[in-house]
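>
Protein chains in written order, with my numbering: chain C, 16 to 312; chain S, 15 to 319.
#1: DSSP beta-bridge partners for residue 61 of chain S?
#2: Please confirm whether residue 79 of chain C has its beta-carbon closer than 9 angstroms to some beta-carbon of chain S.
#3: Mapping DSSP to helix, strand and coil, what is residue 165 of chain S?
#4: With a threshold of 9 angstroms between beta carbons, is residue 54 of chain S in contact with chain C?
#5: So if DSSP puts residue 156 of chain C in a beta bridge, which residue, or which two residues, is it bridged to?
#6: Quick one: what's residue 285 of chain S bridged to in DSSP?
#7: Check each candidate in S/29, S/37 and S/219 and name the one with the smallest Cα separation from residue 184 of chain C.
#8: So what does DSSP say about residue 129 of chain S, is it helix, strand or coil?
#9: DSSP state of residue 172 of chain S, grouped into three classes?
#10: Using a Cβ-Cβ cut-off of less than 7 angstroms, list which residues of the region 37-52 of chain C approach chain S; keep chain order.
#11: Report all residues from its chain with a CB closer than 8 angstroms to the CB of residue 221 of chain C; omit the five preceding and five following residues, and keep chain order.
#12: Taking DSSP as the reference, what is the three-state secondary structure of residue 105 of chain C?
#13: Does residue 79 of chain S come out as helix, strand or coil in the three-state DSSP assignment?
#14: Could you give the DSSP three-state label for residue 197 of chain S: helix, strand or coil?
#15: State the Cα-Cα distance for the pair residue 223 of chain C and residue 142 of chain C, rounded to the nearest angstrom.
#16: How about residue 128 of chain C: is its C-beta nearer than 9 angstroms to some C-beta of chain S?
#17: Quick test of your reading: residue 258 of chain C and residue 109 of chain C, contact by CB under 8 angstroms. State the CB separation rounded to the nearest angstrom.
#18: Measuring only between beta-carbons, confirm whether residue 261 of chain S sits less than 9 angstroms from chain C.
#19: Give the interface partners of residue 214 of chain C over in chain S, defined as CB-CB distance under 7 angstroms, in chain order.
#20: Using a Cβ-Cβ cut-off of less than 8 angstroms, give me the residues of the region 179-201 of chain C that come near chain S, in sequence order.
#21: Would you say residue 96 of chain C faces chain S, with C-beta separation under 9 angstroms as the test?
#22: With a 10 Å radius around its C-beta and 16 neighbouring C-beta atoms as the bar for buried, classify residue 305 of chain S as buried or exposed.
#23: To the nearest angstrom, how far is the alpha carbon of residue 149 of chain S from that of residue 261 of chain C?
#24: Determine the burial state of residue 197 of chain C: buried for a count of at least 16 other Cβ atoms within 10 Å of its Cβ, exposed for fewer.
#25: If we define contact as Cβ-Cβ less than 9 angstroms, is residue 270 of chain S a contact residue for chain C?
#26: Among S/117, S/238 and S/39, which residue has its Cα nearest to the Cα of residue 41 of chain C?
#27: Contact between the region 252-269 of chain S and the region 66-85 of chain S: three or more CB pairs below 8 angstroms?
#28: Only counting the same chain, and skipping five residues up and downstream in sequence, which positions put a Cβ closer than 6 angstroms to that of residue 280 of chain C?
#29: Grouping DSSP H, G and I as helix and E and B as strand, with all else coil, what is residue 157 of chain S?
#30: Compare the C-beta of residue 98 of chain S with all C-beta atoms of chain C and state if any pair is closer than 9 angstroms.
#31: Using three-state DSSP, classify residue 11 of chain C as helix, strand or coil.
#32: Within the 9 angstroms Cβ cut-off, does residue 130 of chain S reach chain C?
#33: Does DSSP put residue 138 of chain S in a helix, in a strand, or in coil?
#34: Under a CB-based cut-off of 9 angstroms, is residue 24 of chain S close to chain C?
#35: So what's residue 273 of chain C in DSSP terms, helix, strand or just coil?
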């Protein structure tokens, strides 16, 4: 047997990217991958199918995956609520208002601060940067009680302001925008200055339009985390009218005789904006995860 | 010459002012909504203070801390958090690393599988908890699947009733939600390892198993440590799943994780001082972990040669 062919044969059956593994290994890999895929997808499929079933089918044994029924009344029931006050519709509106306001302000303020830290030299810049990044180490759960007392003292409990104000900007956003803007070409800024543009003008006309990828990633991360926020609304909201989606859905879970079909319909509705964002902007979604990894740099 | 220099420094000073102007609004914000609450937490933790009470807070020094150290509820919280974090963290890091290695080896379906595993990211944690709540119902899919696999028809595994199963249930939900996220981080880490190294290993006669353990794994170590600390920090903050399950009637003890404990102490028991002391303890633990993360990230300049 010649040496070349031996290497050739080895090449054929090795390598991480490799095609021809030994059959048992390949089977194990596929079993694990398919098993995990089922574990991941089954609850999502359950949520969607159950949202179109009457409650008695949702809890039938065995679960009728394809029941053929199209019980759209669940969605009406979820939105209307048991008492007919349309509180879920109100919760959706609240969530949209709060998450949108926070996303917009975070995008603007984080870009502004990131720009200031990346492109301007001033005394104390390093200290400011460290101070802001330091707040990334503060878990929200550790400051929520004092924060709650502050917000109450300001008279903002049970209001949009109370829901929005503590999240107007976050340190990770500043960090992200600063990293992104560090590589922004100075020539563009100087050219604009020579053309007589003011600093604010430069920020709005040059920086913002040229930072879309970073702003989009930050916006998605921010919107998603606010859409998901349960603990803060639980603290500051007292009235039914101010409840956000997560608070409303926990109420479904808390009810003794809850309508499971309507509960899943509510869950589907709550997930729709994220699903749309996910399919429209998947690369920013995944990019967010990778950025998180890049945080080490 | 002199005039020019003066003008330049004047411009520089003007630029510096603009820099401050851009930074100042957020700095004021962080002062009010991050730093002030931390100091306030330290301060309040030294007082016996009741929520909604008009009585002035009474200074008790470290009284809240000594109370917590002798409180079985607090230690139960610590235990519940430790169990949850340890289980979730081991599962998350181990399985997502394995999945990343497997997915990368199946180039043709890599994109699809990445999307599949990442898909729970689109549902919020409360929605995830609500869906799994129905799965863990005695009549739900959880029992059906387990009984189907173990050939034990009609057994109720008490997902939300027995202490151990309840803890396992919360771990399963959390793991379900985040495994894809960490898998993608690992895939990014694997992708950053130059293919030439694998080729070199192959030429030296390494099998794919060896190639993974001897080449990828050591080079991935910094990513693994980083992901571990990140996963741990994430797990320590868990709240939603436990809260939803408790609202649905599950016992609180086994899933009374620390964030949930803080919430209960402050809102249900009205013990603001005590809740602040718990916050300070959580803060210190997290600070230690973040410091570790920082240390690790500084020392992870991997050289591929």
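Note that the Cβ used here is the ideal one computed from N, Cα and C, for glycine as well.
Values in this document were obtained by computation on a predicted structure and should not be read as measured data.
Short version:
#1: The partner list for residue 61 of chain S (beta bridge, DSSP) reads S/73.
#2: The beta carbon of residue 79 of chain C does not come within 9 angstroms of any beta carbon belonging to chain S, so the residue lies off that interface.
#3: coil
#4: yes
#5: In the DSSP output, where bridge partners are listed per residue, residue 156 of chain C has none listed.
#6: S/64
#7: S/37
#8: helix
#9: Coil.
#10: 44, 47, 48, 51 and 52
#11: 203, 204, 207 and 212
#12: helix
#13: helix
#14: helix
#15: 25 angstroms
#16: yes
#17: 7 angstroms
#18: yes
#19: 32
#20: 180, 181, 183, 184, 186 and 189
#21: no
#22: Exposed, by the Cβ-count rule.
#23: 19 angstroms
#24: With fewer than 16 Cβ atoms within 10 Å of its Cβ, residue 197 of chain C is classed as exposed.
#25: The beta carbon of residue 270 of chain S does not come within 9 angstroms of any beta carbon belonging to chain C, so the residue lies off that interface.
#26: S/117
#27: no
#28: 66, 89, 90 and 93
#29: helix
#30: no
#31: For residue 11 of chain C there is no data in the structure shown, the boundaries of chain C being 16 and 312.
#32: yes
#33: coil
#34: no
#35: In the structure shown, residue 273 of chain C falls within a coil segment according to DSSP collapsed to helix, strand and coil.
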